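Working notes, beginning with the structure itself.
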Amino acid sequence: MQNRSRELVHYVVLGFLCLVLYLIQYTDDVLPKIGRASAVILVPTVVFAAMFLREWEGAITGLLVGVLMDIATSGATCFNAVVLMLIGCGAGLLVTYIVNNNLLAALIMSFGFTAVYFLLKWVFACVFGVIDAPFLYLVKQIIPSVFYTFVLTIPLYLIIRRIMKRLYKLKS
Numbered sequence: 004m005q006n007r008s009r010e011l012v013h014y015v016v017l018g019f020l021c022l023v024l025y026l027i028q029y030t031d032d033v034l035p036k037i038g039r040a041s042a043v044i045l046v047p048t049v050v051f052a053a054m055f056l057r058e059w060e061g062a063i064t065g066l067l068v069g070v071l072m073d074i075a076t077s078g079a080t081c082f083n084a085v086v087l088m089l090i091g092c093g094a095g096l097l098v099t100y101i102v103n104n105n106l107l108a109a110l111i112m113s114f115g116f117t118a119v120y121f122l123l124k125w126v127f128a129c130v131f132g133v134i135d136a137p138f139l140y141l142v143k144q145i146i147p148s149v150f151y152t153f154v155l156t157i158p159l160y161l162i163i164r165r166i167m168k169r170l171y172k173l174k175s
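Positions 4 to 175 (the numbering used here) are the ones given, in order, by the sequence shown.
In structure tokens form, the structure reads like this:
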């Protein structure tokens, strides 16, 4: 029973970290914009959490973080919830069956899933007619946002790895 309560404490800590990163992301001037590019640090957070938690817990983490992101955005499309749930599940499946859980794999997966997230966001914006100049939006906002988010991934991975390693030590 004591291991179960310690495990719950670590999930609460991970949830608290996601909440803090959510507040950092959506508070003005904490993560400054570079041009039009803005970092979305919750996408790599879902990827890294899924790398340690595996597919089901990664999907649940992605869903919950996506719901938080959808609450902060206008409209009721649930885009973030669905996409981040699929990203969490995909990252968990990749680590379970194909790649090792290390820094290089984390960086590659973070970059790839962040690029997929932003490209899907761009496609939906084009399809629903939200933007007037799709190519300009892609070049001036989407691509720089992918790279800006990628710059912040290494410290984020190290923080999440430290939290999750302590969880695994308590499980065994």
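Virtual Cβ for every residue (Gly too), placed ideally from N, Cα, C.
Given the structure is predicted, the values throughout are model-derived calculations rather than measurements.
By the CB criterion at 7 Å, PHE121 and ILE145 fall inside the cutoff. Counting only unbroken stretches of 4 or more residues, the alpha helix (DSSP H) elements lying wholly within the segment 131-169 are 137-140, 146-154, in sequence order. With a cutoff of 7 Å on beta-carbon distance, THR76 and SER113 are scored as not near each other. For the pair of segments examined, the segment 127-146 was found not to touch the segment 91-100: the number of CB pairs separated by less than 8 Å stays below three.
Per DSSP, reduced to three states, the secondary structure at ILE101 is coil, with no helix or strand assignment. In this structure, DSSP gives ALA40 an extended state, which the three-state scheme calls strand.
The closest CA to that of ILE101, considering only GLU58, ASP135, LYS124, is found on GLU58.
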